[in-house]
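Sequence lines, in order, name chains A and B.
So that you can map any letter, position 64 of the first sequence is 87 in our numbering, and since no number is skipped, the others follow by simple counting.
So that you can map any letter, position 4 of the second sequence is 1168 in our numbering, and since no number is skipped, the others follow by simple counting.
For reference, the structure discussed in these notes is given below.
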Amino acid sequence: AQSVTQLDSQVPVFEEAPVELRCNYSSSVSVYLFWYVQYPNQGLQLLLKYLSGSTLVKGINGFEAEFNKSQTSFHLRKPSVHISDTAEYFCAVSWAAGNKLTFGGGTRVLVKP
Amino acid sequence: EADIYQTPRYLVIGTGKKITLECSQTMGHDKMYWYQQDPGMELHLIHYSYGVNSTEKGDLSSESTVSRIRTEHFPLTLESARPSHTSQYLCASTLAGGPSGELFFGEGSRLTVL
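Listed below in structure tokens is the structure:
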């Protein structure tokens, strides 16, 4: 079965430091890749997506992610985090156009002053 | 901004009660989904619908049921709530034929069964 793995369940980071959240998936055939963010007591909102084209994808709030087909990874990065980036981050993959999303287990980011 | 709404946002209810969680979207999306989110964050798909009168069970078995009588409305019902049903339930939708997998989420319904 297809799977999505987020290697870190929690990432504490100091304000203005960089952060990287790791995401790996089980197969690289025709994948569509997403990162969602969930702020406290809210639903998920899309940060960025990779459908095709450039492997470096830029999203909202200064986040970016890089698709690496050979390593079946889609890691999320931000060069300098703010307190307001404290949230839960979910990697998600669709293995075919229009197919259901499979979510990773999530990574909780806690930004400390 | 997504136009998908869930009610109630919070519900505390006793064991054995019937509950319905409402989900409505005004975007004309054909595909709608219900996810159950554990306290440990993980999301599990419990129901989905690809259009009116179409409903399917998701990856995680659930005692809840859903209906899709109108495009914009996708309610979830528990006939007899139990403490094991305590969780957050997230509704989502997407446009069929749109960018693959880009879901719009409601703010969630947090259910506590005593």
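Cβ coordinates follow ideal geometry from the N, Cα and C atoms, glycine included.
(1) Does any residue of chain A have a CB that is nearer than 9 Å to the CB of L1207 of chain B?
(2) In this structure, how does DSSP classify I83 of chain A when only helix, strand and coil are distinguished?
(3) Look at S107 of chain A and E39 of chain A and say whether their C-beta atoms are less than 9 Å apart.
(4) Return the bridge partner residues of I1183 of chain B from the DSSP annotation.
(5) Taking the alpha-carbon of F37 of chain A as reference, which of A:W118, A:K101, A:T125 and A:A115 has the nearest alpha-carbon?
(6) Look at the alpha carbon of Y1154 of chain B and the alpha carbon of H105 of chain A, and state the distance between them as a whole number of angstroms.
(7) Put E1248 of chain B into one of helix, strand or coil per three-state DSSP.
(8) Whole angstroms is fine: what's the gap from T1235 of chain B's alpha carbon to Y1169 of chain B's?
(9) Does any C-beta atom of chain B lie closer than 9 Å to the C-beta of L67 of chain A?
(10) Considering only their Cβ atoms, is the gap separating I1210 of chain B from G1222 of chain B smaller than 9 Å?
(11) Any contact between the stretch 42 to 58 of chain A and the stretch 1241 to 1255 of chain B? By contact I mean 3 or more CB pairs, one from each, below 8 Å.
(12) Strictly below 8 Å CB to CB, what residues from chain A border Y1169 of chain B?
(13) Which residues in chain B sit within 9 Å of G128 of chain A, going by Cβ to Cβ distance?
(14) Please classify G127 of chain A as buried or exposed, where buried requires at least 16 neighbouring CB atoms within 10 angstroms.
(15) Note down the Cα distance separating W58 of chain A from R1232 of chain B, rounded to an integer number of angstroms.
(16) Under 9 Å between C-beta atoms, does R131 of chain A make it to chain B?
(17) For E1236 of chain B, go through chain A and note every residue whose CB falls closer than 8 Å to its CB, in chain order.
(18) Touch check for the stretch 1180 to 1194 of chain B and the stretch 1266 to 1277 of chain B: three-plus C-beta pairs under 8 Å?
(19) I1183 of chain B and L1275 of chain B - do their beta-carbons sit closer together than 9 Å?
(20) Check the C-beta distance from T1241 of chain B over to S1228 of chain B and give it rounded, since I have them as a contact under 8 Å.
(21) Give the range of the beta strand (DSSP E) segment to which R1274 of chain B is assigned.
(22) Of the residues A:S26, A:A119 and A:A24, which one's Cα is nearest the Cα of V54 of chain A?
(23) Which class does S1213 of chain B belong to by DSSP, given the choice of helix, strand or coil?
In brief:
(1) Here residue 1207 of chain B refers to the residue found at position 43 of the second sequence. With 9 Å as the cut-off, L1207 of chain B counts as an interface residue toward chain A.
(2) On the first sequence, position 60 is the one that residue 83 of chain A refers to. Looking at I83 of chain A - three-state DSSP - the assignment turns out to be helix.
(3) Numbered from its first residue, the first sequence carries residue 107 of chain A at position 84. Numbered from its first residue, the first sequence carries residue 39 of chain A at position 16. Remark: C-beta atoms of S107 of chain A and E39 of chain A do not approach each other more closely than 9 Å.
(4) One-based indexing of the second sequence puts residue 1183 of chain B at position 19. Looking at the DSSP assignment, I1183 of chain B forms a beta bridge with B:L1242.
(5) Numbered from its first residue, the first sequence carries residue 37 of chain A at position 14. Nearest option by C-alpha distance: A:K101.
(6) Only positions 1165 to 1278 of chain B appear in this structure, which leaves residue 1154 of chain B out of reach.
(7) To locate residue 1248 of chain B, count along the second sequence from 1; it is residue 84. In the sequence on display, residue 1248 of chain B carries Ser and not Glu. Helix at S1248 of chain B.
(8) For the purposes of this step, residue 1235 of chain B is identified with residue 71 of the second sequence, where counting begins at 1. For the purposes of this step, residue 1169 of chain B is identified with residue 5 of the second sequence, where counting begins at 1. Between T1235 of chain B and Y1169 of chain B, the C-alpha separation is close to 14 Å.
(9) For this step, residue 67 of chain A is matched to residue 44 along the first sequence. Yes - at least one Cβ of chain B is within 9 Å of the one on L67 of chain A.
(10) Residue numbering aside, residue 1222 of chain B sits at position 58 when the second sequence is read from its first letter. Residue numbering aside, residue 1210 of chain B sits at position 46 when the second sequence is read from its first letter. For G1222 of chain B and I1210 of chain B, yes; Cβs fall inside 9 Å.
(11) no
(12) For the purposes of this step, residue 1169 of chain B is identified with residue 5 of the second sequence, where counting begins at 1. Listed along the chain, the chain A residues whose CB falls inside 8 Å of the CB of Y1169 of chain B amount to none; the nearest CB is some 10 Å away.
(13) Counting from 1 along the first sequence, the entry for residue 128 of chain A is found at position 105. Near G128 of chain A (Cβ distances below 9 Å), the residues of chain B are G1204, M1205, E1206 and L1207.
(14) Against the first sequence, residue 127 of chain A aligns to sequence position 104. Burial call: buried.
(15) In the first sequence, counting from the first residue as 1, residue 58 of chain A sits at position 35. In the second sequence, counting from the first residue as 1, residue 1232 of chain B sits at position 68. W58 of chain A and R1232 of chain B: Cα-Cα distance of roughly 28 Å.
(16) As a position in the first sequence, residue 131 of chain A is number 108, starting the count at 1. With 9 Å as the cut-off, R131 of chain A counts as an interface residue toward chain B.
(17) Position 72 of the second sequence holds residue 1236 of chain B. In chain order: nothing, as chain A lies at least about 17 Å away.
(18) yes
(19) Walking along the second sequence from the start, residue 1275 of chain B turns up at place 111. Walking along the second sequence from the start, residue 1183 of chain B turns up at place 19. Yes, Cβ-Cβ distance for L1275 of chain B and I1183 of chain B is below 9 Å.
(20) By 1-based counting over the second sequence, the position of residue 1241 of chain B is 77. By 1-based counting over the second sequence, the position of residue 1228 of chain B is 64. Contact flag correct, Cβ pair sits at about 6 Å.
(21) Sequence index remark: in the second sequence, residue 1274 of chain B carries index 110 (1-based). Run containing R1274 of chain B: S1273 to V1277, per the beta strand (DSSP E) assignment.
(22) Position 31 of the first sequence, counting from 1, holds the residue named residue 54 of chain A. The shortest C-alpha separation from V54 of chain A is found at A:A119.
(23) The residue labelled residue 1213 of chain B in the question sits at position 49 within the second sequence. Strand.
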